[in-house]
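J.: Residue numbers for the sequence shown follow the working numbering, so the first one is 48 and each next one is one higher.
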Amino acid sequence: MTDASQDLPASAGTAKSGAPIHKDPRTLAVPPHWRAGTPAAGTFLWPAMRSRLAGLPDGGLNIGFEALDRPVREGRGDHVALHWLGAEGGERRITYDELRRRANRFATAVTRLGIGRGERLFVLAPRLPDLYVAILGALKAGVVVSPLFSAFGPEPIATRMNLGQGRALVTTPGLYGRKVAPVIARIPTLSHVLLIDDGSQAGPQADLKGTHDLGALLEEAGEAGEDFECIATRPDELALLHFTSGTTGRPKGAMHVHEAVVTHYATGLFALDLHADDIFWCTADPGWVTGMSYGVIAPLLHGVTMIVDEAEFDPERWYTILHERGVSVWYTAPTAIRMLMKAGAELAQRFPHPRLRFVASVGEPLNPEAVWWGQQALGLPIHDNWWQTETGGIMVANAPAFDIKPGSMGRPLPGVEAAIVERLEGGGIRLIDTADTQGELALKRGWPSMFRGYLHEDERYRKCFVGEWYLSGDLARRDADGHYWFVGRADDVIKSAGHLIGPFEVESVLMEHPAVVEAGVIGKPDALLGEVVKAFVALRPGFEANEALARELMAHARKRLGAAVAPKEIAFAAALPHTRSGKIMRRLLKARELGLPEGDTSTMEGAA
Ligand code: ATP
Ligand code: MG
48 MTDASQDLPA SAGTAKSGAP IHKDPRTLAV PPHWRAGTPA AGTFLWPAMR SRLAGLPDGG
108 LNIGFEALDR PVREGRGDHV ALHWLGAEGG ERRITYDELR RRANRFATAV TRLGIGRGER
168 LFVLAPRLPD LYVAILGALK AGVVVSPLFS AFGPEPIATR MNLGQGRALV TTPGLYGRKV
228 APVIARIPTL SHVLLIDDGS QAGPQADLKG THDLGALLEE AGEAGEDFEC IATRPDELAL
288 LHFTSGTTGR PKGAMHVHEA VVTHYATGLF ALDLHADDIF WCTADPGWVT GMSYGVIAPL
348 LHGVTMIVDE AEFDPERWYT ILHERGVSVW YTAPTAIRML MKAGAELAQR FPHPRLRFVA
408 SVGEPLNPEA VWWGQQALGL PIHDNWWQTE TGGIMVANAP AFDIKPGSMG RPLPGVEAAI
468 VERLEGGGIR LIDTADTQGE LALKRGWPSM FRGYLHEDER YRKCFVGEWY LSGDLARRDA
528 DGHYWFVGRA DDVIKSAGHL IGPFEVESVL MEHPAVVEAG VIGKPDALLG EVVKAFVALR
588 PGFEANEALA RELMAHARKR LGAAVAPKEI AFAAALPHTR SGKIMRRLLK ARELGLPEGD
648 TSTMEGAA
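#1: Should Gly475 be labelled buried (16 or more other beta-carbon atoms within 10 Å of its own) or exposed?
#2: With respect to 7 Å, is the separation between the Cβ of Pro412 and the closest non-hydrogen atom of the ligand ATP below this value?
#3: Do you know how far the Cα of Ser408 is from the Cα of Ser58?
#4: Just grab the DSSP bridge partners of Trp328 for me.
#5: Going by Cα to Cα distance, which pick from Leu255, Arg152, Arg214, Ser238 is closest to Arg225?
#6: What residue from Pro572, Leu596, Ala562 has the CA that sits closest to Leu586's CA?
#7: Restricting to Cα atoms, I'd like to know which of Glu515, Ile541, Gly462 is closest to Thr90.
#8: What does the alpha-carbon distance come out to for the pair Thr330 and Gly338?
#9: Below 8 Å on the Cβ atoms is my contact criterion, and I expect Val579 with Lys615 to pass it. Report the Cβ-Cβ distance as a whole number of Å.
#10: Assign Ala95 to buried or exposed, taking buried as 16 or more other Cβ atoms, counted over all protein chains shown, within 10 Å of its Cβ.
#11: Report the partner residues of Trp433 according to the DSSP bridge assignment.
#12: Measuring CB atoms only, is the region 604 to 615 touching the region 635 to 649, in the sense that at least three cross pairs come out at less than 8 Å?
#13: Here's the rule: buried if 16 or more other CB atoms are within 10 angstroms of the residue's CB, otherwise exposed. What is Ser98?
#14: According to DSSP, is His311 part of a helix, a strand, or is it coil?
#15: Quick one: any contact between the region 364 to 373 and the region 319 to 334, if contact means 3 or more CB pairs under 8 Å?
#16: Just confirm the distance between the C-beta atoms of Gly106 and Arg167, as a whole number of angstroms; I'd bet it's less than 8 Å.
#17: Does the beta-carbon of Phe512 have 16 or more other beta-carbons within 10 angstroms, so that it is buried, or is it exposed?
#18: Would you say Ile310 and Gly439 are within 8 Å of each other, going by their C-beta atoms?
#19: Compare the C-alpha of Leu576 against each of Val355, Leu547, Thr85 and name the closest.
#20: Tell me which residues share the same chain as Ala62 and place their Cβ nearer than 8 Å to its Cβ, disregarding the 5 neighbours each side in the sequence.
#21: Hey, is Gly520 close to the ligand MG, as in C-beta under 7 Å from one of its heavy atoms?
#22: Classify Ala523 as helix, strand or coil using the three-state DSSP reduction.
#23: What I want to know is whether the C-beta of Lys256 ends up closer than 7 Å to one or more non-hydrogen atoms of the ligand GDP.
#24: Whose C-alpha, out of Ala621, Arg627, Ala566, Gln248, is nearest the C-alpha of Met601?
#25: For Val336, collect the residues of the same chain with a Cβ closer than 6 Å to its Cβ; drop the 5 residues on either side in sequence, then sort them by chain order.
#26: Under 8 Å: do the region 123 to 135 and the region 154 to 170 share three or more Cβ pairs, one atom per stretch?
#27: When we look at the beta-carbon of Glu270 and count the other beta-carbons within 10 Å, is it buried (16 or more) or exposed?
#28: Going by C-alpha to C-alpha distance, which of Gly549, Leu488, Gly473 sits closest to Lys581?
#29: What residue range is occupied by the uninterrupted beta strand (DSSP E) comprising Glu487?
#30: Bridge partners for Val217 per DSSP, in chain order?
#31: Which runs of the alpha helix (DSSP H) fall wholly inside the region 224 to 287 and span at least 4 residues, in chain order?
#32: Helix, strand or coil, according to DSSP, for Thr291 in the structure here?
#33: Consult DSSP for Pro572 and reduce its assignment to one of helix, strand or coil.
#34: In whole angstroms, what is the alpha-carbon distance linking Glu645 and Ala172?
#35: For the alpha helix (DSSP H) containing Lys510, name the first residue and the last one.
#36: Can you name the start and end residues of the beta strand (DSSP E) that Leu600 belongs to?
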């Protein structure tokens with residue numbers, strides 16, 4: 048662990064926000080995987096990473112096999128793979144070999160039901176051990192897995208299962224009764240529902256005909272079913288169908304192949320710095336790509352013990368887990384960090400966690416204030432990294448061995464070639480070489496977890512690529528040291544009096560003020576200036592929303608950003624609208640401000 052006393056901000060919210068945090072790799076608890084001298088893109092060879100995996104006959108590659116059979120073959124069969132913490136207090140430890148055998152039973156069971164290679168199995172369940180068994184078992188059987196977030200209501204479930212032509216669904220009796228039974232007639236492709244027994248009841252109206260008890264199926268598969276021979280899927284064969292978060296509009300179905308496992312492996316090394324004796328906790332739900340790539344696959348590939356907490360966010364519970372379970376590597380998200388900040392540093396300091404050595408975050412821009420808060424409250428800075436559902440794995444990251452510039456997402460990982468580009472009229476692009484110039488963040492094709500299509504939206508997929516480059520839709524800039532800085536989503540960028548303003552910069556400055564816990568910034572149409580910057584602000588407990596505070600915040604922003612960029616209007620909100628995966632939905636703030644339709648809100652927190 049680093050020394051918490053160095054480089055502390057003088058007070059919450061200071062000009063120190065932007066100061067770099069220096070690292071000395073020699074003082075790290077374990078030698079980092081990514082360090083000076085690791086080959087960069089251009090000289091980095093993906094085949095070298097691939098060769099570290101086991102593979103299957105005839106050039107086959109299968110995510111489930113790599114995640115379970117490879118560690119067992121390498122002698123980690125008795126090591127705890129999954130340390131499950133029940134919401135009601137129970138816990139279970141499942142070893143690699145136990146998980147492998149149960150997943151094999153699952154693969155045997157679905158194969159016997161006639162669910163074949165390439166067909167789609169959806170999962171909709173709380174974070175229970177059998178959710179993990181189902182995901183890994185299905186992958187081994189060559190069945191395509193599509194995760195749904197368990198808080199979705201019937202509508203988003205029916206829509207996604209219909210789009211994805213779901214043949215099977217793994218869920219619990221309670222979720223089935225409340226969310227699936229009412230819309231089951233609208234999912235004609237669905238022929239099997241497998242119920243994980245979690246003690247819940249399907250309810251009187253739900254017809255359980257045609258459903259199976261998953262426990263009984265696994266029992267029937269028997270010991271012989273544990274010898275399931277993994278399907279030798281081709282590397283370019285579909286493995287996962289992930290719907291995006293729906294932050295900017297209707298969610299898209301991103302298609303991923305088994306070869307993605309090569310990225311999961313490499314990023315587990317370089318971005319998360321996983322070592323075999325780590326206790327790793329990814330707080331994301333497997334209903335989203337982060338919870339799948341890093342809450343299921345990558346940790347198993349590296350033979351670590353992963354913590355799975357069934358319960359929802361609660362500051363005291365989370366600190367207790369970090370403390371009592373000896374978490375060494377922690378991967379979480381900015382919203383959670385902001386909620387922990389709201390709960391206060393004193394609470395954090397009540398729970399020492401001497402084993403914690405690396406903390407990373409993804410999903411939204413991580414305000415410099417949050418990076419410094421980590422240093423203060425946890426004794427470790429928080430390492431931001433950037434990727435998308437489409438990229439399948441982490442692409443740009445801050446890693447243990449390198450200095451952090453708070454507010455920067457870090458640098459492209461080994462193997463990842465990134466660029467800042469400008470779209471040209473007529474369809475081409477121009478690479479921007481000058482440092483600190485804003486443009487669209489692009490990635491050179493060829494990383495193994497690149498999505499291979501948007502479900503039923505071929506044209507939209509094609510439009511994401513120009514020649515060799517994938518265009519991410521996010522605006523960023525690169526500084527002279529090669530660090531990337533997030534500016535905003537192309538859709539969210541504000542054009543005011545000829546300036547292009549990224550919401551992130553304005554939000555981060557507002558967050559420097561001790562009263563502000565979260566800020567969302569939009570452009571509001573203005574006859575004179577094109578757009579003016581408007582900020583929606585949620586306050587910390589103990590601060591009162593009033594005119595004087597609004598003026599104070601605007602003055603603070605003007606001082607830090609200049610009058611052209613600072614917000615002209617501030618509105619206080621008890622809470623900002625978020626997606627269920629925790630992102631601020633600026634498009635909703637804007638639609639509400641302008642009295643426009645809200646569009647697809649299926650992924651909004653609190654939506655039915
Ligand atoms: P949709 O595409 O449906 O609107 P989404 O883009 O939010 O939803 P995801 O794929 O879950 O769906 O999120 C990826 C996006 O999240 C990125 O394109 C980026 O805008 C944002 N993001 C992720 N990590 C970071 C980060 N470290 N800094 C800034 N933004 C980030
Ligand atoms: Mg997106």
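Where a beta carbon is used, it is the ideal one built from N, C-alpha and C, also for glycine.
On a predicted model such as this, the values are computed, not experimentally measured, just so you know.
T.: Walking through what the data contain:
#1: exposed
#2: yes
#3: Since pLDDT at Ser58 reaches only 33, below the 50 mark, its modelled position is unreliable, and the value read off the structure follows with that caveat. Computed Cα separation, rounded: 23 Å.
#4: Ile354, Trp377
#5: Leu255
#6: Ala562
#7: Gly462
#8: 7 Å
#9: 5 Å
#10: exposed
#11: Val443
#12: no
#13: exposed
#14: helix
#15: yes
#16: Between Arg167 and Gly106 the Cβ distance is about 24 Å, and since that is not below 8 Å, they are no contact.
#17: exposed
#18: Checking the displayed sequence, the identity of residue 310 turns out to be Thr instead of Ile. Yes, the Cβ-Cβ distance between Thr310 and Gly439 is below 8 Å.
#19: Leu547
#20: Its pLDDT being 41, under 50, Ala62 is placed unreliably by the model, and the measurement read from it follows with that caveat. Nothing meets the Cβ criterion.
#21: yes
#22: strand
#23: As for the ligand GDP, it is missing from this structure, which binds only the ligand ATP and the ligand MG.
#24: Ala566
#25: His289, Thr436
#26: no
#27: exposed
#28: Gly549
#29: 486 to 491
#30: Val170, Leu241
#31: 261 to 268
#32: coil
#33: strand
#34: 28 Å
#35: 505 to 510
#36: Not the beta strand (DSSP E): Leu600 falls in the alpha helix (DSSP H), residues 594 to 608.
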